[in-house]
Amino acid sequence: RTAHEDILRRQSARESAARTYARALPIVPVRARGLTIEGADGRRYLDCLSGAGTLALGHNHPVVLEAIRKVLDSGAPLHVLDMATPVKDAFTTELLRTLPPGFADHARVQFCGPAGTDAVEAALKLVRVATGRSGILAFTGAYHGMTTGALEVSGGATDVRVARLPYPQDYRCPFGIGGERGAELGARWTESLLDDAKSGVSLPAGMILEPVQGEGGVNPAPDAWMRRMRKITEARSIPLIADEVQTGVGRTGRFWAVEHSGVVPDVMVLSKAIGGSLPLAVVVYRDDLDVWQPGAHAGTFRGNQLAMAAGTATLAHVRENGLAERADALGTRMLTQLGSLVAEFPFIGDVRGRGLMIGIEIVEADGANGPMSQDSATADARRASPLPAAPALAAAVQRECLRRGLIVELGGRHASVVRLLPPLTITDEQTSAVLDRLADAVTAVAR
Ligand code: PMP
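When we follow UniProt numbering, the leftmost residue of the sequence shown carries the number 18, and every step to the right adds one.
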């Protein structure tokens, strides 16, 4: 048996039954650079999982490594609780520089525990403290993390203080219709819930949404819906929390995904890419919400100097090199090419996304529109009348991708959406290689 197999076997025997990625991706990464990961068995993979959307610049980007080395070589303390340091000063300056216009000028930054879910907790607590209210409006299909408060506002949970509203997916829209009409209905639903005394929903402390749902299966919110949600919340003084943990730092083709709609939220929850591959999470919010008492929200690990240095380098590199625009262009290319698969393969129900956040919905092909058809009208019909999710087929696509040296993720309510989150630094040739391997994998599954 090889060392690679030994490690896999030992870890699967010793680790929690809750472990996730390791099950579908039996790889033992030992080296990585850019889009590429190398396993202990010497195999190389194109990594379109990117640390669940964390690695905006891919693995071990030179500017990130250089920034980390500089801190290490400087003799600066690595642990400083939440004290001010030159490293934190540089990070805060760079972060504020990237924030949407109209937001940065009146923003406060709160450093949170290391993960996205910690920042979600802080945001929920912040709006409850600031408004003196307790309810939260959240959406179907949402994912905000795995701690208790974050779970309450995520898709499957049911908490009496959380009113769940339908998120306007294009595909399998809860209203049975997608796009702008679904958005309009969703907005009206929200208004009636808030304004009808008999709805049982009292004025909430906040509304939390993802501009593009990631774990929920890559569901981009229509811009018109985002603007309606902003109007609805603004008119009632309900703080709007944008969870940009996954969509931030250029991923969707704008530096922050709220910029697509021009919506300025009251609170932004940021993590993943802002730490340049190391753990870092912050909440940024309008300064008049900053009514915390000192110590009202604390934590030991809010000052990760290496993560802040790596994050500063990442934010600056994305900004200076126009990588959001690049993600926009590459995303359009990928969506166009992958879109042709919908007409070709009956088990591909939909291809959607924004920038380099792309989802391929895998559905039951049986009974799908008779024989395979190149007819785009047929593909449109399939989009309009969705078929049941096919998690086993989606898992087969993921397996076939892995066999071809391509790492993809599964998401969505039934883990039936194949997700692509390549780094924004992916080259044109690498993009072609990813698309080729994916098409090969899908063809193999179709056989
Ligand atoms: N919010 C969103 C939108 C996310 O995608 C995630 C993680 N996938 C989280 C919050 C939670 O972040 P973490 O896993 O770092 O706790």
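All C-beta atoms, glycine included, are put in the ideal place defined by N, C-alpha and C.
Please read these numbers as outputs of a predicted model, since none were measured by experiment.
Cβ pair R421, A463 closer than 8 Å: No, the pair does not count as a contact, with Cβ atoms beyond the cut-off.
Residues bridged to N236 [DSSP beta-bridge criterion]: Partner(s): Q230.
Pick from L419, G370, L404, R36 that is closest to L438, judged by C-alpha positions: G370
The alpha helix (DSSP H) enclosing D304, as first and last residue numbers: Counting along the chain, D304 falls outside any alpha helix (DSSP H), and DSSP gives it neither H nor E.
Contact test: T134 Cβ vs the ligand PMP heavy atom, cutoff 7 Å: yes
Test item: CB-CB of A326 and A49 under 8 Å: Judged by their CB atoms, A326 and A49 are not nearer to each other than the 8 Å cut-off.
Residue burial classification, S216 (beta-carbon count within 10 angstroms, cutoff 16): exposed
Beta-carbon proximity list for D307, same chain, < 6 Å, skipping 5 on both sides: R125
C-alpha gap between R36 and Q28, whole angstroms: 10 Å
Test item: CB-CB of A274 and W242 under 8 Å: no
Start-to-end residues for the alpha helix (DSSP H) that takes in Y62: Segment 61-64 is the beta strand (DSSP E) holding Y62; no alpha helix (DSSP H) there.
Cα-Cα separation between E227 and P282, rounded to whole angstroms: 11 Å
Alpha-carbon to alpha-carbon, L74 and L404: 36 Å
Test item: CB-CB of V81 and S254 under 8 Å: no
Distance cut-off 7 Å: G68 Cβ against heavy atoms of the ligand PMP: G68: no, Cβ never under 7 Å from the ligand PMP.
Continuous beta strand (DSSP E) assignments of at least 3 residues falling wholly in the region 255-315: 257-260, 284-287, 299-303
Y38 Cβ short of 7 Å to the ligand PMP heavy atom set: no
Top-ranked residue by Cα proximity to R416, from V47, E111, R454, P94: R454
Contact test: S288 Cβ vs the ligand PMP heavy atom, cutoff 7 Å: yes
Spatially closest choice to C129 from A214, A139, A159, S33, by CA coordinates: With distances taken between Cα atoms, C129 lies closest to A139.
Beta-carbon proximity of V170 to A159, cut-off 8 Å: Yes, the pair counts as a contact, with Cβ atoms nearer than the cut-off.
Straight-line gap, V218 to V137 (C-alpha atoms, nearest Å): 22 Å
Alpha-carbon to alpha-carbon, A200 and P237: 11 Å
I54 - containing beta strand (DSSP E), residue span: Element bounds for I54: 53-56.
Cβ contact check for the region 325-342 and the region 108-115: 3 or more pairs under 8 Å: They touch, by the three-pair rule.
Meets three-Cβ-pair contact criterion under 8 Å: the region 39-56 and the region 295-305: When C-beta atoms of the region 39-56 are compared with those of the region 295-305, fewer than three pairs fall below 8 Å, so the two segments do not count as touching.
Q391 burial status per 10 Å Cβ neighbour count (16 or more: buried): Caution is warranted here: a pLDDT of 46 is assigned to Q391, below 50, making its placement in the model unreliable, and no coordinate value can be reported.
DSSP three-state assignment for I443, whether helix, strand or coil: coil
D345 beta carbon near the ligand PMP (any heavy atom closer than 7 Å): no
Residues near T148 by beta carbon distance below 6 Å, same chain, minus five either side: A222
Straight-line gap, A409 to P256 (C-alpha atoms, nearest Å): 40 Å
Near the ligand PMP: G293 beta-carbon under 7 Å from a heavy atom: Checking the Cβ of G293 against the ligand PMP gives no.
Local conformation of M163 per DSSP, three classes: Three-state DSSP puts M163 in coil, outside helix and strand.
Contact between the region 313-327 and the region 335-342 (3+ Cβ pairs under 8 Å): No, the region 313-327 does not touch the region 335-342.
Neighbour-count burial assignment, T115, 16 or more Cβ in a 10 Å radius: buried
Per-residue burial, K105 [other beta carbons within 10 Å of its own, 16 or more giving buried]: buried
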